[in-house]
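In our numbering, the protein residues as written are 1 to 378. Idealized CB from N, CA, C, for every residue including glycine. Working notes, structure below.
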Amino acid sequence: MHNLDLIFGALALLSFALLLWQWIAAGRFPLHQRIADPAFAPAITILKPLKGCDGTTAASLESWFKQNYSGQVQFLFGVADPDDPACDVVEALLNKYPHRDAQLIICPETYGTNGKVSTLTQLEKVTKHELVLVSDADVRVPEDFLANVVAPLRDQRVGLVNCFYRLANPANAAMHWEAIGVNADFWSQVLQSQMLKPMDFALGAVMLTRRHLLGEIGGFKSLANCLADDYQLGHRIAKNGHRITLCPVAVECWDAPMTWRAAWKHQLRWARTIRVCQPVPYFFSILSNVTFWPLVWLAIHPACYLLVLLMVCSRTIIAWHLQRRLARKTPPIGYCWMVPVKDLLQFVTWLGAFAGNTIEWRGQKMKLSRDGTLSQST
1 MHNLDLIFGA LALLSFALLL WQWIAAGRFP LHQRIADPAF APAITILKPL
51 KGCDGTTAAS LESWFKQNYS GQVQFLFGVA DPDDPACDVV EALLNKYPHR
101 DAQLIICPET YGTNGKVSTL TQLEKVTKHE LVLVSDADVR VPEDFLANVV
151 APLRDQRVGL VNCFYRLANP ANAAMHWEAI GVNADFWSQV LQSQMLKPMD
201 FALGAVMLTR RHLLGEIGGF KSLANCLADD YQLGHRIAKN GHRITLCPVA
251 VECWDAPMTW RAAWKHQLRW ARTIRVCQPV PYFFSILSNV TFWPLVWLAI
301 HPACYLLVLL MVCSRTIIAW HLQRRLARKT PPIGYCWMVP VKDLLQFVTW
351 LGAFAGNTIE WRGQKMKLSR DGTLSQST
């Protein structure tokens, strides 16, 4: 019992130290900082693969039309099905902004199991400009976003620019669980990792790269069977010797209300995807769970309850602070209890990531291979 006490006490203290390191890494990043000179404004093509829509889609897409950007911008909206309800949303925007270089393109061809990448492959063929930006349908941006996201590309060594994103509209407890993972943990963990090695993957909300670098990796078509196409895009560009960098300006993701069941499936899919992409770091990521290890230690050594209480309270306060910093507004105090609950559920999803290789994605059951590719589940 004494040995177990020492082992789990050490794991609890290690998780707390990793939490403090994560907080420091986030504090050093110039989040929300703007550029001083927006004169650098090269031409950009923006690719928007769409499937379906909800009540927030129109406002999210329109935020891209409202950009205060002096360079040329081409908008390409792609849908696989001409009867997709997203078509009506895009058509309304095209009528509202007739002066914009914008098109709705039907992309019926299928190149692999990833429908989004099939759409991007077809949009790539009508891309006009050297700079290509890919963004999800639910992403909403501030008016100066394009001026800021292109700034790092002044350096020719930079091959891809991406940015952090926040879940903007958590409407229930399930979405607040997601929000803690995105708005507190994910962005700070990325920065913690970046202190150890240069970034070698991309975050999928917004990715800006050079067209000729897409050609070097075989274009979007080379990613047609990848689940984590964003990760693979950045990883392959980095592997070719180009830098991946982060724009300090964060964007918003507006999602439809999510049930606990849907949130669980999303978290499990995310966990299995990360496990396949980065198996060793993902395996050791459990060491940073600042609720699980202290509670295990408490079960073995009840006398440490004050220290455990300090750790769990610190974890909750830091998560609250990180959410506040990313969102630039105060998270609801009433959901602070979700932080330790999220950690305990994270342990379950961590186990679940190793318990199988099937995922549910866009209503279909798919099999995830070790190389990160998808196939139909039998």
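* To do: Would you tell me roughly how many angstroms separate the C-alpha atoms of LEU76 and VAL132, rounded to the nearest one?
  => 11 angstroms
* Asked: Can you pull the DSSP bridge partners for PRO49?
  -> GLY78
* To do: Specify the secondary structure class of ILE333 as computed by DSSP and reduced to three states.
  => helix
* Is DSSP giving PRO85 helix, strand or coil here? -> coil
* **Where the alpha helix (DSSP H) containing GLN267 begins and where it ends** => Note, GLN267: alpha helix (DSSP H), 260-277.
* Asked: Applying the criterion that 16 or more other CB atoms from any shown protein chain within 10 Å of the CB defines a buried residue, is CYS379 buried or exposed?
  -> One cannot answer for residue 379 here, as it falls past the ends of the chain, which runs 1 to 378.
* Measuring alpha carbon to alpha carbon, tell me which of ARG140, ILE274, LEU31 ends up nearest GLN67. => ARG140
* Asked: In terms of residues, what are the limits of the alpha helix (DSSP H) holding PHE164?
  -> That residue, PHE164, is in no alpha helix (DSSP H); its beta strand (DSSP E) goes 158-167.
* To do: Kindly list the residues whose CB is nearer than 6 angstroms to the CB of ILE274, restricted to its own chain and excluding five residues on each side of it in sequence; keep chain order.
  => TYR282
* Asked: Across which residues does DSSP place LYS367 in a beta bridge pair?
  -> According to DSSP, LYS367 bridges with THR358, SER375.
* Bridge partners of GLU252, per DSSP? -> Answer by DSSP bridge pairing, in chain order: ARG140, ARG166.
* To do: Measure the alpha-carbon distance for ALA12 versus GLY112 and round it to whole angstroms.
  => Put simply, the backbone Cα of ALA12 is about 44 angstroms away from that of GLY112.
* To do: Taking all protein chains shown into account, decide if PHE284 is buried (16 or more other Cβ within 10 angstroms of its Cβ) or exposed.
  => exposed
* Asked: To the nearest whole angstrom, what separates the beta carbons of LYS96 and PRO49, a pair I think is in contact under 8 angstroms?
  -> No, LYS96 and PRO49 are not in contact; Cβ-Cβ is about 21 angstroms, not under 8 angstroms.
* Alpha carbon to alpha carbon, how far is PRO30 from LEU61? Give it in angstroms, no decimals. => 27 angstroms
* Beta-carbon proximity check, GLY372 vs GLN232, cutoff 8 angstroms -> Yes, the Cβ-Cβ distance between GLY372 and GLN232 is below 8 angstroms.
* Asked: Tell me which same chain residues have a C-beta within less than 6 angstroms of the C-beta of LYS342, skipping the five on either side of it?
  -> Within the same chain, LYS342 has close Cβ partners TRP177, ILE180.
* Quick one: residues in its chain with C-beta nearer than 6 angstroms to the C-beta of VAL90, no 5 flanking neighbours on either side, listed in chain order? => Within the same chain, VAL90 has close Cβ partners PHE77, LEU104.
* Asked: Between LEU322 and the rest of its own chain, which residues show a CB-CB distance below 8 angstroms, the 5 nearest in sequence each way excluded?
  -> TRP23, ALA26, ASN183, ALA184, ASP185, TRP187, SER188
* Asked: In whole angstroms, what is the alpha-carbon distance linking HIS242 and ARG157?
  -> 6 angstroms
* To do: Let me know if TRP337 comes out buried or exposed under the rule of 16 or more other beta-carbons within 10 Å of its beta-carbon.
  => exposed
* **Continuous alpha helix (DSSP H) stretch holding ILE300: start and end** => 292-300
* Roughly how many angstroms lie between the CA atoms of ALA319 and ALA147, to the nearest whole one? -> 30 angstroms
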